[in-house]
Amino acid sequence: MENFFTRYRNVTVLLFLLMAQVIVLATQVRRPDTATGESMSLVRTWVVQIFVPGEKAITSIGSGVRNLWKDYIDLRDVRAQNEELKAQLDRLRLEQVSLAEDAGQARRLQALLGFKQKFIAQTVAAQVIGSTGTDRSRAFTIDKGSKDGIKADMPVITPKGIVGKVYKVFSRSAQVLEINDATSGAGVMLGRSRLRAVMRGTSSGIPEIMHIMADEKIDPGETVVSSGGDQIYPPGLPVGTVQSTTPDPEGGPFMVVQVKPSANLDKVDEVLVITQVSEKEPQYQEGPHPVRAADILAQRLPTVTPKAPDKTGAEPPPTSALYAKKTPSTNAEGPAGSPATKKKPVQANPPSQSAPISTNTPLTQPGEAPTEGKQSTAPAPNGTEAPTAETKKPKVPSTIEPAPPKPPTPIESTQPQENPR
Amino acid sequence: MATITYTSREEIEVHRFSALATIGIPLLAIFFQVYVSSRFSFLKLFDIPLMVTVFFAVSRRNQLAGMLTGCSIGLVQDALTHLPIGIYGISKTIAGYAASSIGLKIDVDNPGSRFLMMFFFTFLHDGIYFIVSRHLLGLPADWRMLHELSSAVANAIVAVPLFALMDRAKQR
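Those sequence lines, one after another, are chains A and B. For the first sequence, my numbering gives the first residue as 83, with consecutive numbering after it. For the second sequence, my numbering gives the first residue as 334, with consecutive numbering after it.
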């Protein structure tokens with residue numbers, strides 16, 4: 083026996099090393115909390131702590147030299163650039179006025195329909211300081227960690243679109259898994275056809291949308307945005323554009339849609355980590371002379387001559403009258419502030435109207451504090467019912483066909499309640 | 334039991350390396366791979382740590398040293414990815430063992446043989462990586478022949494001057 087091990091010493095050691103690593107691999111795969119990122123291998127922690135300081139140092143030195151050089155170059159053209167930017171600013175101001183008008187109108191209508199939106203409340207800017215160095219693991223390291231408020235599964239974006247999610251968190255660094263990695267996935271929605279699907283990464287680095295029926299009409303160039311269905315990426319963030327569509331290689335009834343990511347994943351220098359997402363109902367606060375949503379709707383719909391109001395309550399009042407301030411004398415349903423009046427908004431929100439909306443965004447968790455929009459349904463202190471849009475919400479869908487919810491642009495509408503008309 | 338040294342077989346040319354080179358060159362190679370490829374993504378086609386593994390293995394001509402070098406470098410590489418630790422470790426352990434075995438039999442200082450050797454070991458390494466990740470762990474991995482071919486050629490081309498550069502660290 084001794085001669086055997088002496089003779090085949092090298093092969094024995096090789097087998098021992100391989101077996102040890104296979105056992106280590108098996109231990110990692112079987113460990114249930116490895117995938118969640120809550121536990122961390124000691125070897126991985128040590129190696130990252132050795133390499134991250136060097137990467138940070140070289141990155142900061144390189145950034146310093148690069149910025150110094152760029153500042154000098156930029157100063158040469160700064161005057162012409164300033165004039166150009168001023169002109170651009172004027173143009174953007176004009177566009178902003180137009181967009182603000184549209185956004186305000188959209189918010190009022192969304193408030194009427196009881197939409198819930200997810201807004202990016204807080205982000206942390208981070209710099210990319212390293213990668214895995216291989217195409218087999220499409221991930222990179224950023225210079226922010228748990229001490230900066232970074233947690234696992236936080237979405238990572240650039241102004242162009244989503245990049246990935248935080249996968250592993252260390253004290254002063256974190257590893258971000260890109261959306262085009264073979265083990266990555268995201269819930270997406272096609273911009274024109276509004277189809278919801280799951281996008282996953284591939285070994286080649288080109289993400290694919292799976293399980294879309296082959297008879298769907300999808301054109302190259304169509305935008306792809308996040309749907310929010312994965313509970314990681316807020317809805318409405320740009321993901322990419324459709325690059326091509328191919329039949330299912332397995333011969334199934336589906337087709338494979340290849341997506342070109344909006345963000346340049348091969349060259350990411352700085353990213354934003356979304357550390358907080360708030361879910362709010364847009365609240366519409368009436369000003370002194372508000373432009374009511376009903377008036378806007380009335381302008382767009384065929385005019386109907388309102389009938390004379392029947393005080394017996396047999397005929398429903400016209401739509402515009404629903405938004406007028408109610409007084410006890412005109413309220414035919416009972417005295418203001420009575421229990422019947424308080425129950426009215428809740429009862430008049432049938433599931434048939436709220437169901438399409440609730441599929442767009444996740445519902446409020448049980449026990450969650452009421453949002454500002456919900457609080458507005460409470461009666462006013464003087465005993466009269468507060469004339470908010472929430473109380474009239476049930477009447478509106480009878481006159482309009484609710485359009486499919488357009489995903490919000492979270493970055494632009496971080497504070498919807500602060501833009502009253 | 335005889336002491337394991339890098340100069341145990343004097344009948345063939347066996348090289349030794351200083352402790353600084355033994356530790357510093359692999360660390361530098363890994364650092365270069367993870368840092369520079371984050372700036373220039375096309376560099377992910379190369380596998381500098383594999384070149385270092387093969388170089389040390391064929392220079393020392395010792396199977397134990399070769400597999401230990403490959404194992405260490407591979408495990409460090411694994412720790413920097415998001416995948417389970419051990420995939421690169423297994424691949425580079427086998428590559429190091431095979432490279433040191435070949436180093437006992439052929440002339441590994443010739444540029445032509447170095448080119449062919451690196452081409453072969455890149456294929457071997459990537460093949461083992463694919464088998465382990467796909468069939469042992471069930472990870473979503475594809476074998477892209479064109480990509481693997483181009484990677485093998487690129488590694489072989491870069492290995493020739495890199496080996497010549499690392500030859501300066503040899504101690505006879």
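Using N, Cα and C, we set each Cβ at its ideal position, and we do this for glycine too.
Note down, in chain order, every chain B residue with its Cβ under 7 Å from the Cβ of N92 (chain A).
As a working mapping, residue 92 (chain A) is identified with position 10 in the first sequence. What N92 (chain A) touches in chain B: Q396 and L397.
Since F133 (chain A) and F364 (chain B) should fall inside the 8 Å C-beta cutoff, what is the C-beta to C-beta distance between them, to a whole number of angstroms?
Sequence index remark: in the first sequence, residue 133 (chain A) carries index 51 (1-based). Sequence index remark: in the second sequence, residue 364 (chain B) carries index 31 (1-based). About 7 Å; that satisfies the 8 Å criterion.
Answer with yes or no whether the minimum CB distance from K89 (chain A) to chain B is below 8 Å.
Taking the first sequence and counting its residues from 1, the one referred to as residue 89 (chain A) is at position 7. Sequence inspection shows Arg at residue 89 (chain A); the Lys mentioned does not correspond to that position. It does not: the Cβ of R89 (chain A) has no partner Cβ on chain B nearer than 8 Å.
Using a 10 Å radius around the Cβ and a threshold of 16 neighbouring Cβ atoms, would you call R190 (chain A) buried or exposed?
On the first sequence, residue 190 (chain A) is found 108 positions in, with the first residue counted as 1. With 16 or more Cβ atoms within 10 Å of its Cβ, R190 (chain A) is classed as buried.
Would you say R394 (chain B) and S433 (chain B) are within 8 Å of each other, going by their C-beta atoms?
Against the second sequence, residue 394 (chain B) aligns to sequence position 61. Against the second sequence, residue 433 (chain B) aligns to sequence position 100. Yes, Cβ-Cβ distance for R394 (chain B) and S433 (chain B) is below 8 Å.
Looking at the strands, I want to know which residues DSSP matches up with F336 (chain A).
Here residue 336 (chain A) is taken as the residue at index 254 of the first sequence, counted from 1. A:M295.
Cβ-Cβ distance between N92 (chain A) and L397 (chain B) below 8 Å:
Position 10 of the first sequence holds residue 92 (chain A). Position 64 of the second sequence holds residue 397 (chain B). The answer is yes: Cβ separation under 8 Å.
Report the option in B:L360, B:F388, B:I439 and B:L383 whose CA atom is closest to the CA atom of G422 (chain B).
As a first step, residue 422 (chain B) must be located in the second sequence, where it is residue number 89. Answer by Cα proximity: B:L383.
Shorter than 8 Å from the beta carbon of R393 (chain B) to some beta carbon of chain A?
Here residue 393 (chain B) is taken as the residue at index 60 of the second sequence, counted from 1. So no, R393 (chain B) is outside the interface.
I'd like to know whether the C-beta of L96 (chain A) is nearer than 8 Å to at least one C-beta of chain B.
By one-based count along the first sequence, residue 96 (chain A) stands at place 14. True, the Cβ-Cβ gap to chain B drops below 8 Å.
Under 8 Å between beta-carbons, which chain A residues line up against L472 (chain B)? List them in chain order, please.
Counted from its first residue, the second sequence places residue 472 (chain B) at position 139. Within chain A, A264 and T265 have C-beta atoms less than 8 Å from the C-beta of L472 (chain B), given in sequence order.
Since S309 (chain A) and P317 (chain A) should fall inside the 8 Å C-beta cutoff, what is the C-beta to C-beta distance between them, to a whole number of angstroms?
Within the first sequence, the letter at position 227 stands for residue 309 (chain A). Within the first sequence, the letter at position 235 stands for residue 317 (chain A). The pair is a contact, with the Cβ atoms about 6 Å apart (cut-off 8 Å).
Using 8 Å as the cut-off, can you tell me whether the region 260 to 269 of chain A makes contact with the region 282 to 294 of chain A, which would need three or more C-beta pairs spanning the two stretches below that distance?
With the rule of 3 Cβ pairs closer than 8 Å, the region 260 to 269 of chain A counts as touching the region 282 to 294 of chain A.
For G246 (chain A), report the span of its beta strand (DSSP E) as first-last.
Within the first sequence, the letter at position 164 stands for residue 246 (chain A). For G246 (chain A), the uninterrupted beta strand (DSSP E) segment begins and ends at G243 to V251.
For F463 (chain B), is the classification buried or exposed, using 16 other Cβ atoms within 10 angstroms of its Cβ as the cut-off for buried?
Translated into positions along the second sequence, residue 463 (chain B) becomes position 130. By the neighbour-count rule (16 or more Cβ atoms within 10 Å), F463 (chain B) is buried.
Partners in chain A for G422 (chain B), counting only beta-carbon separations shorter than 7 Å
Position 89 of the second sequence, counted from the start, is the residue given in the question as residue 422 (chain B). Residues of chain A passing the Cβ test: Q103.
In terms of DSSP beta bridges, what is K342 (chain A) paired with?
As a working note, residue 342 (chain A) is residue 260 in the first sequence. DSSP output for K342 (chain A) lists A:T323 as bridge partner(s).
Neighbour list for G136 (chain A) in chain B, Cβ cutoff strictly below 7 Å:
Here the question's residue 136 (chain A) lines up with position 54 in the first sequence. Within 7 Å Cβ-Cβ: F364.
Give a yes or no on whether the minimum CB-CB distance between T426 (chain B) and chain A is below 8 Å.
Walking along the second sequence from the start, residue 426 (chain B) turns up at place 93. At least one CB of chain A lies nearer than 8 Å to the CB of T426 (chain B).
Which residue wins for smallest C-alpha separation from T109 (chain A), given the options B:I420, B:T355 and B:S351?
Taking the first sequence and counting its residues from 1, one reaches residue 109 (chain A) at position 27. If we check each option's Cα against that of T109 (chain A), B:I420 comes out closest.
Whose Cβ in chain A lies nearer than 9 Å to the Cβ of M451 (chain B)?
To locate residue 451 (chain B), count along the second sequence from 1; it is residue 118. At a C-beta separation below 9 Å, M451 (chain B) has no neighbours in chain A, since its nearest C-beta there lies roughly 17 Å away.
Would you list the residues sitting across from G269 (chain A) in a DSSP beta bridge?
Residue 269 (chain A) sits at position 187 when you count from the first residue of the first sequence. In the DSSP output, where bridge partners are listed per residue, G269 (chain A) has A:V280.
In the DSSP assignment, find the unbroken beta strand (DSSP E) run with A221 (chain A) in it and report its ends.
The sequence position of residue 221 (chain A) within the first sequence is 139, counting from 1. Where A221 (chain A) is concerned, the enclosing beta strand (DSSP E) stretches over A221 to I224.
Can you find a C-beta in chain A that's less than 8 Å from the C-beta of H415 (chain B)?
Taking the first residue of the second sequence as 1, we reach residue 415 (chain B) at position 82. Cβ-Cβ to chain A under 8 Å: yes for H415 (chain B).
Against V129 (chain A), what residues of chain C qualify as contacts under a CB-to-CB distance less than 7 Å, listed in chain order?
In the structure shown, chain C does not exist; the protein chains are A and B.
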